[in-house]
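Working notes, beginning with the structure itself.
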Amino acid sequence: MPKFNVPKMTCGHCASTVTTAVKSLDTNATVEIDLDNQLVTVESTADSAAIAAVLEEAGYPNEQA
């Protein structure tokens, strides 16, 4: 499962936006949010590069953890 550091993710609204972005690629994706560590873990059929790109498009720069 790919993990992403998302430094601009700081609140519940951010977490919701990130989850919605990932699910726009794969509606069956499982998204785990750790706000304290600004970490997103994704279980999905989409590849890591596509997930990173959709997070960036949603306004959340990231790097794979």
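Sequential numbering from 1 applies to the sequence shown in UniProt numbering. Just so you know, even glycine gets a beta-carbon here, dropped at the ideal spot from N, CA and C. Quick caveat, the model's predicted, so the values are computed rather than measured.
query                                                                                               : result
Cα-Cα separation, Pro2 to Val42                                                                     : 6 Å
Candidates Asp36, Ala21 and Thr20, of which the one nearest Thr10 by Cα                             : Asp36
Buried/exposed call for Asn62, threshold 16 Cβ in 10 Å                                              : buried
Nearest candidate by alpha-carbon position, reference Ala65, set Gln38, Glu57, Thr17 and Asn28      : Gln38
Counted within 10 angstroms of its Cβ, other Cβ atoms place Ala52 as buried (16 or more) or exposed : buried
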